[in-house]
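Numbering (our numbering), first residue to last: 208 to 560. Don't be surprised by glycine CBs; every beta carbon is placed ideally from N, CA and C. Since the structure comes first, as structure tokens, the remarks are kept for the end.
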Ligand code: PLP
Ligand code: COI
């Protein structure tokens, strides 16, 4: 693969104060698509730098853009690994299909990513709760103003050493149920990891912040009766000892951490249900003292305890606003598998190199 070397490597940030998505490594991977010139070109590794785009670039106008998020780790033996990377490229291709964008060969993208991560090994932080966040994304680049799928695209992968997604780390987050705006509806793009889903979530997110909440808990777009997900994570409740999470029915993201959590919980004998979760059931469980725990799952968010959920005038404080036992167990298990403190019992750890 063609690699253009950087003139000088950047100074690394303090790995104990990373936050999320603020620092970027020296290199990025770029692969271009041109429908009129036979499709995808070869992947290349180039210095991390600004793109030059035409002002008529289609994605700037009509939003043909998708992305992914995954992480690389360095285990205690110094070996570099990634967590379930193939699943991300499979999901990215599904998003591409929904947005009328070209699919790509997952193996080509994965091999290019492996080369990129090898080159950037020294950027992988190793303190607990840190990792190298990997952000693949693709956008239409053809300059035209008619509304039709772009004939040209760029697929790019950038890397960012990260700590915890939420500023307050593992402190339980505060969510507010959004009762007016919606994020996605059946038949829409809720299941795709596309730019527009995040753009349309921002207004509710900002209003939530003004009221002192961290994130929005979305309800279904049709009736606003059923819990869907949070802006950057899937949602779980522990109700009377059973772990309950909204089923995948087209309007929420098929979270890879969600799938990992369900698999690990089931394998260790926890009772788990994937189904519609009415917000009324959550409220009733809370009122009856049976809402034991709530947490979110995501690559960036990992397993994040939820301490408060506001729904209208009702402020539900869950487990005294503290992380619950099942949430803590799951956080330990998932991060333990990711960093190989626990055996990789499901074959999720991908070795780089
Ligand atoms: N839901 C949304 C809207 C997300 O942005 C994310 C983050 O990727 C998730 C759920 C969790 O998905 P995953 O576990 O694959 O990161
Ligand atoms: C991730 O967890 O990888 C995400 O994409 C969430 C994000 C929007 C920061």
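Could you check if residue i belongs to the surroundings of the ligand COI, using beta carbon to heavy atom distance under 8 Å?
{"i": "residue 505", "result": "yes"}
{"i": "residue 376", "result": "no"}
{"i": "residue 372", "result": "yes"}
{"i": "residue 274", "result": "yes"}
{"i": "residue 340", "result": "yes"}
{"i": "residue 448", "result": "no"}
{"i": "residue 228", "result": "yes"}
{"i": "residue 508", "result": "yes"}
{"i": "residue 277", "result": "yes"}
Shortest alpha-carbon distance to residue i belongs to which of the options?
{"i": "residue 503", "options": "452, 479, 486, 230", "result": "452"}
{"i": "residue 388", "options": "409, 540, 251, 335", "result": "409"}
{"i": "residue 557", "options": "490, 342, 335, 324", "result": "324"}
{"i": "residue 354", "options": "370, 307, 536, 331", "result": "307"}
{"i": "residue 277", "options": "390, 238, 364", "result": "364"}
{"i": "residue 373", "options": "482, 229, 432", "result": "229"}
{"i": "residue 424", "options": "208, 473, 391", "result": "391"}
{"i": "residue 252", "options": "233, 437, 292", "result": "233"}
Let's test the definition: count the other Cβ atoms within 10 Å of the Cβ of residue i and tell me whether it reaches 16, buried, or not, exposed.
{"i": "residue 412", "result": "buried"}
{"i": "residue 548", "result": "exposed"}
{"i": "residue 499", "result": "buried"}
{"i": "residue 492", "result": "buried"}
{"i": "residue 348", "result": "buried"}
{"i": "residue 416", "result": "exposed"}
{"i": "residue 473", "result": "exposed"}
{"i": "residue 208", "result": "exposed"}
{"i": "residue 304", "result": "exposed"}
{"i": "residue 487", "result": "exposed"}
{"i": "residue 217", "result": "exposed"}
{"i": "residue 261", "result": "exposed"}
{"i": "residue 281", "result": "buried"}
{"i": "residue 464", "result": "buried"}
Starting from the C-beta of residue i, find all residues in its chain whose C-beta is less than 7 Å away, skip the five residues before and the five after it, and write them out in chain order.
{"i": "residue 296", "result": "313, 316, 317"}
{"i": "residue 420", "result": "381, 382, 383, 517"}
{"i": "residue 418", "result": "383"}
If I measure Cβ to Cβ from residue i and keep anything under 8 Å in the same chain, skipping five residues before and after, which residues do I get?
{"i": "residue 263", "result": "350, 351, 352"}
{"i": "residue 386", "result": "426, 431, 518, 519"}
Would the C-beta of residue i count as close to the ligand PLP, meaning under 8 Å from any of its heavy atoms?
{"i": "residue 298", "result": "yes"}
{"i": "residue 440", "result": "yes"}
{"i": "residue 534", "result": "no"}
{"i": "residue 400", "result": "yes"}
{"i": "residue 464", "result": "yes"}
{"i": "residue 436", "result": "yes"}
{"i": "residue 538", "result": "no"}
{"i": "residue 362", "result": "no"}
{"i": "residue 459", "result": "yes"}
Answer yes if the segment 218-225 comes into contact with the segment 235-249, meaning at least three C-beta pairs across the two stretches below 8 Å, and no otherwise. no
Using a Cβ distance threshold of 8 Å, determine whether the segment 356-372 contacts the segment 319-333, with at least three qualifying pairs required. yes
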